[in-house]
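Comments concern the structure below.
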Amino acid sequence: MLTATNISVRVGAKILLNELSLKLHPGEVVAVVGPNGAGKSTLLRTLSGELIPDSGAVLMNGRPLVDWNARQAARMRGVLPQSSALAFRFSVLEVVLMGRSPHRKTHSHTDNEVIARQALKLTDTEALTERIYTTLSGGERQRVQLARVLAQIWEPCEGQHRYLLLDEPTSALDLGHQHAVLSIARHFADTNAAGVLAILHDLNLAALYADRIAVLHRGQLIAVGTPGQVLNSELIQRIFDYPVMIGSHPLYPNCPLLIPHIKQ
Amino acid sequence: MPSPKSPTPPAKLMSTKIPYRQRLFAGLRGKAIGSSGILLTLSALLCLSCLVSLGSGAVSIAPQQVAAILGALISIELPWSFSLEQQAVLVSIRAPRLVLALLVGSSLAISGSAMQGLFRNPLADPALIGISSGAALAAVAVIVLHAGVLASLSDVLGAYLLPVAAFCGGFGVSWLVYRMASAGDRIDISSLLLAGIAINALAGSATGLLVYIANDEQLRSLTFWSMGSLAGASWSQVALGAPFFLLNLLLLPLLADALNALLLGEAEASHLGFPVERIKTAIIVLVALGVGTSVALAGVIGFIGLVVPHLLRLSLGPDHRGILPGSALLGALLLLCSDYLARNLAAPAEVPIGIITGVLGSPFFLWLLFRQKIMAH
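Chains A and B, in that order, give the protein sequences.
Counting from 3, one number per residue, gives the positions in the first sequence under my numbering.
Counting from 14, one number per residue, gives the positions in the second sequence under my numbering.
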């Protein structure tokens, strides 16, 4: 389990995260939603160990994040950035193989390449294997980066659970690619008992793919629960300051469907 | 009821474009020769140019005589005869110059590759963090203020004053730039670039001021620093610089994996388990050691650090595991060839080596820029 307990992050006098607690269980997908500037990225950076909270603690598999050595932690936790500014002409396979660098001491190059190719297959990017990364479209790049991160946490490390943290994985993608990325993440959580946490802006996407939704507002966790519990028009209207109606998905009656109004 | 939580595997979203390879150098990259093939070819060319370089000059020495003289040094007798003059020229003039050229060339090129990786920018150069301008400032100060303020220092250090001062100047200025770019325990790479530009300009003005008050004779010595030369090479210089060069050349290749990961971004590299801050510091210190020593012993030699990594990326791809050792080999080879030209183009006079590398380097660099423009379309 990846656990944040009462974490606070401040920059100067500004409080980015305030006494926030959240648990990410193995095998579940948690979507983090909230308006811009709510502290979503700060939360993700704290959970990944990139930021050390001013108070509170983050535990991964029962041990404080800072106590895992960096390479061990890298074998249990992958982070997909919003976008990657790779400007050098690596081939797609080389990029995905970089995900295997924490395993270079324990696996042969052949093993790592086999895993990299499997990750490319899972993300449906096999056909891009030999292409040059910088020539890919945004959607292709994002799926290749996802393959890199999946290759990084492909197999259990010392029998420990693994976690996948996605920072707005769908923000630059078209409809088809948005669903492709999230269903890959969902599939990975289901088949590997991996915990997935994704920052999402589209509440309907969150409702479709997440087991639980965590709503952040001004650095605080306002609500956390199943999509049905969390997505109610009063809460959404208050936080996003925008009128919405909540219906239910015609195909999946348990899944709420958010319909925005036109603001008068 | 179908559950929304377990969708079928991802829908087919495959693009139908034909696999695309680089149009230029399509066959060259990786597959055709293989990176070890390229490294071997470079090594072979390097050995060959060593032989040619050792043999050419005012006193000519045939390759078999070179072998015989080198053999004699380690008490192996070879069937080719040579004169004592040839032996003396080779052992005490050409060999130290050759070794210095190899060390300086490889060190400049490998440092250039590392800086381009660190800055994630193929146009970065070791000069960016102020090494060359700091070293030049110190060297100019020594030359111009030699008889005055620095006279007592010069008594202690003798002939070493100039290289030692240049090294300290280069290292000192890059340390200053580095400190200015660090906030807490992090180094901000864009601040590093900006601080580098500002400090470079400051050092440049101070150098300008010193040049302004210099006399004619001092000005002539100053050209050594602005254009570089290996003419003064001696074994004692080689011995002075070798430890720093070797640290630079042996330790930087160990950071190849980390440099690859850094190209993804600093956060990404740390998520992959690399100690990013320590690695950045290590790269800057190693580069400052290598380039500072180069400038101290051979003056400012431009373009090797910029052009060599570029040239290699065209054939090896951007993977630092190939680029770093490859840069060392190609940098040594290029500087050796440039030095050969510097000695022979206007013999018996010498052309400053910085002019040769500049004349060869700039058109190539322009070609690279145009090629990038074309590729972007």
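For glycine and all other residues, C-beta sits at the position ideal for the given N, C-alpha and C.
- At a cut-off of 7 Å between C-beta atoms, residue 276/B counts as an interface residue with respect to chain A.
- Following the DSSP letters along the chain, one finds residue 204/B inside the alpha helix (DSSP H) bounded by residues 202-226.
- Contact annotation: residue 146/A and residue 31/A have beta-carbon atoms that are not nearer than 7 Å.
- Taking every protein chain shown into account, the CB of residue 227/A has fewer than 16 other CB atoms within 10 angstroms, so this residue is exposed.
- Relative to residue 158/A, the option among 37/A, 182/A, 75/A whose CA is nearest is 75/A.
- In the DSSP assignment, residue 48/A falls within the unbroken alpha helix (DSSP H) covering 42-49.
- Between residue 42/A and residue 152/A, the CB-CB gap reaches or exceeds 7 Å.
- Taking one beta carbon from each stretch, the stretch 176-189 of chain B and the stretch 296-314 of chain B have 3 or more pairs nearer than 8 Å; the two touch.
- DSSP places residue 320/B in the helix class (H, G or I) of the three-state scheme.
- Using a CB distance cut-off of 7 Å, residue 284/B counts as an interface residue toward chain A.
- In the structure shown, residue 257/A falls within a coil segment according to DSSP collapsed to helix, strand and coil.
- For residue 356/B, the three-state secondary structure derived from DSSP is helix.
- The beta-carbon distance between residue 180/A and residue 207/A, rounded to whole angstroms, is 6 Å. This is short enough to meet the 8 Å contact definition.
- Taking a beta-carbon distance threshold of 7 Å, residue 273/B counts as an interface residue toward chain A.
- Residue burial is scored here from C-beta neighbours: residue 177/A has fewer than 16 other C-beta atoms within 10 angstroms and is therefore classed as exposed.
- For residue 32/A, there is no enclosing alpha helix (DSSP H); the residue is part of the beta strand (DSSP E) that begins and ends at 31-35.
- Between residue 254/B and residue 315/B the beta-carbon gap is near 19 Å, outside 8 Å, which marks them as no contact.
- Per DSSP, reduced to three states, the secondary structure at residue 159/B is coil, with no helix or strand assignment.
- With a cut-off of 8 Å on Cβ pairs, the stretch 102-122 of chain B is in contact with the stretch 316-325 of chain B, counting three or more such pairs.
- Nearest to residue 330/B by alpha-carbon distance, out of 89/A, 142/A, 210/A, 103/A, is 89/A.
- Each residue's CA atom was taken as its position, placing residue 188/A and residue 214/A some 12 Å apart.
- The three-state secondary structure of residue 346/B, taken from DSSP, is helix.
- Residue 267/B counts as exposed, since fewer than 16 other C-beta atoms from the protein chains shown sit within 10 angstroms of its C-beta.
- Close CB contacts of residue 251/B within its chain, under the 6 Å cut and outside five residues either way in sequence, are with 109, 112, 113 (chain order).
- Listed as beta-bridge partners of residue 198/A by DSSP are 31/A, 166/A.
- A contact between stretches requires three or more CB pairs, one per stretch, nearer than 8 Å, and the stretch 113-133 of chain A fails this requirement with the stretch 168-176 of chain A.
- In the three-state DSSP reduction, residue 6/A falls in the strand class (E or B).
- The beta carbon of residue 90/A sits closer than 7 Å to some beta carbon of chain B.
- Identification of chain A residues near residue 331/B by a Cβ-Cβ cut-off of 7 Å yields 90, 91, 92, ordered along the chain.
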